[in-house]
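Residue numbers 24 to 174, in my numbering, belong to the letters of the sequence shown in order. C-beta: ideal position from N, C-alpha, C; glycine also. Data block below; observations after.
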Amino acid sequence: MKHDKVAVVTGAARGIGQAICEQLLEDGFHVVGLDISPVEWSQSAQLCSYQVNLCDAAAVSEVVNSIVEQHGRIDALVNNAGITRDALLPDMLEQDWDSVIDVNLKAVFLLTQRVAPVMLEQGAGSIVSISSIVGTDGNIGQSNYGASKGG
């Protein structure tokens with residue numbers, strides 16, 4: 024299968040992110056997995072990964088530059104990374120609020136802001152940001168998560 028399109032997937036180390044990567048590999052993409060944890064589930068030559076803090080603007084710029092330098096393009100971005108830190112609002116710690124907003128919302132902003140110009144220069148590209156029904160319907164103990172997914 025020809026691998027000439029490049030897809031970047033966040034939260035690639037496990038779960039939904041891993042499944043997205045596996046499907047994109049099957050569909051013929053070269054996949055770049057990004058995660059705070061190592062991506063260790065595949066030995067495919069068509070998968071490379073970076074362990075990166077997506078809440079750090081400088082780190083995001085550096086990883087996007089590295090991807091473009093190595094692959095020459097980015098055809099798809101899947102903003103999938105997400106965390107929860109559940110607690111009722113009166114009991115929620117500010118650091119738990121900040122962590123969820125940073126990973127689930129700020130990281131989407133930072134990565135999209137840096138990938139979009141690459142796609143515009145190419146004349147094409149697709150960006151998918153994974154959300155949750157909690158962003159519109161809410162859940163008890165997930166005010167931070169709901170705010171981050173409702174964006």
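Could you give the uninterrupted runs of the alpha helix (DSSP H) lying entirely in the segment 59-143, keeping only those of 4 residues or more?
80-94 and 117-124
Measuring straight from C-alpha to C-alpha, what distance separates SER149 and MET142?
8 Å
VAL86 vs VAL101 beta-carbon contact at 7 Å:
no
Where does VAL151 land, buried or exposed, given buried means 16+ other C-beta within 10 angstroms?
exposed
Pairwise C-alpha distance: SER154 and ASP160:
12 Å
Where GLY169 and LEU111 are concerned, what is the direct C-alpha to C-alpha distance, given to the nearest angstrom?
12 Å
Can you have a look at SER60 and say buried or exposed, based on whether 16 or more other CB atoms are within 10 angstroms of its CB?
exposed
Going by DSSP, what residue range makes up the alpha helix (DSSP H) through SER3?
Nothing in the structure corresponds to residue 3, since the chain is present only between 24 and 174.
What is the rounded straight-line gap between the Cα of ARG37 and the Cα of GLU92?
26 Å
Neighbourhood of ILE124 by C-beta distance below 6 Å, restricted to the same chain and skipping five residues each side
SER171
DSSP beta-bridge partners for THR33?
LEU57
Please state whether DSSP places ILE153 in a helix, a strand or coil.
coil
Among ASN162, GLY56, VAL29 and ILE97, which residue has its Cα nearest to the Cα of ASN103?
GLY56
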